[in-house]
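Letter by letter, the sequence shown follows residues 137 to 259 of our numbering. Glycine included, each C-beta is placed from N, C-alpha and C at the ideal position. Bear in mind the structure is a predicted one, so any value in this text is a computation, not a measurement.
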Amino acid sequence: MSDLTVTKIRFQNGTWEGVIQNAGDSGLPPDIQVLYQDHPIEGLSISEGSSANEWALHITIPAQAISDGVQTFVIAEGGKKLESFSLIAGEAAVDDMRAEIDLLRAELDMLKRAFRRHYLETS
């Protein structure tokens with residue numbers, strides 16, 4: 137097994153695109169699997185890349201994976217995780233964003249209080 141690396145190029149129109157590097161000189165594409173909920177998905181294509189030891193990776197996201205919540209995809213070779221990506225949609229995305237904003241507000245308020253206290257003590 138080689139030291140493959142997977143680098144994302146873009147994610148648009150339901151297709152995740154990336155490049156596989158360090159594939160070796162065998163001339164055969166690497167044995168890549170994409171797992172969703174611990175099951176391999178269909179819609180995976182690997183083609184020759186723009187340079188030696190590179191392969192272009194295209195993953196079509198299955199329709200059943202587009203739903204509320206966080207959906208995670210794992211790109212693996214021979215049981216070894218190479219990369220992963222997630223889709224966040226629906227109510228979970230709204231709740232996560234609100235929680236992050238609330239956390240940022242709380243941290244900002246804490247910093248304001250500490251700055252004011254420091255200013256009063258040093259004046």
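Query                                                                                                             : Result
Assumed close pair L180, V210 - CB separation to whole angstroms, cut-off 8 Å                                     : Between V210 and L180 the Cβ distance is about 12 Å, and since that is not below 8 Å, they are no contact.
Euclidean distance between Cα positions of A250 and D238                                                          : 18 Å
Between the CA atoms of K248 and I177 - distance to the nearest angstrom                                          : 49 Å
C-alpha gap between P165 and G205, whole angstroms                                                                : 33 Å
8 Å Cβ shell around S222 - same chain, five flanking residues per side excluded                                   : V206, Q207, T208 and F209
Helix, strand or coil at A201 according to DSSP, with G and I counted as helix                                    : helix
Residues near E257 in its chain [Cβ-Cβ closer than 6 Å; skip 5 each side]                                         : none
Nonlocal neighbours in the same chain, by C-beta distance under 7 Å from G150, ignoring five residues either side : T196 and I197
Member of I156, M233 and G215 whose CA lies at the smallest distance from the CA of H175                          : G215
V142 and A192 closer than 8 Å at C-beta                                                                           : no
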